[in-house]
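For reference, each letter of the sequence shown is one residue, going 3 to 130 in the numbering used here. Report on the structure given below.
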Amino acid sequence: MTVEKTINSFRELYAHDTRKIQCNEGYVYDSELIFCDPSSDNDISLLLESYSPLPEDYLKFLSKTNGFRPFSNVECSGEIEIFSIDEVISSNEPFDTDTKVIVACVYDDYFIIDTEQLLKGRKTTCIY
């Protein structure tokens, strides 16, 4: 329910496509929020074939929007992106692990899901 509420709140905030935000030095920009089409059950299954388990709230997020880019056209926001399934697969291809999964980028840092921690039942320490 939290994932749906959060997504719906963002959609309400950006109901008119853009929203003004103030950045450093007082500059005001029209920010844009990009939601992608929902992932299909088949695409989510393909992701789970490569990386499993994944958090239920993350899978629910993908079923609502296959990727997310807040503040996509604002110079001061830097790079903030929750990857689509295709981007998750391509971002992780160069690495020889199926237990650490890059799922997002915020400024030059990556959010990584640790499937080993999930298997151990450590849901609160599985993302870093």
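Using N, Cα and C, we set each Cβ at its ideal position, and we do this for glycine too. Bear in mind the structure is a predicted one, so any value in this text is a computation, not a measurement.
DSSP places residue 52 inside the alpha helix (DSSP H), whose first and last residues are 43-52.
Note that the segment 88-104 touches the segment 51-64; at least 3 beta-carbon pairs, one per stretch, sit closer than 8 Å. Within the segment 77-111, the runs of beta strand (DSSP E) at least 3 residues long that lie entirely inside it are, in chain order, 82-84 and 102-108. Scanning its chain for C-beta atoms nearer than 7 Å, with the 5 sequence neighbours on each side dropped, one finds around residue 102 the residues 114 and 116, in chain order. Between residue 120 and residue 128 the beta-carbon gap is near 5 Å, inside 8 Å, which marks them as a contact.
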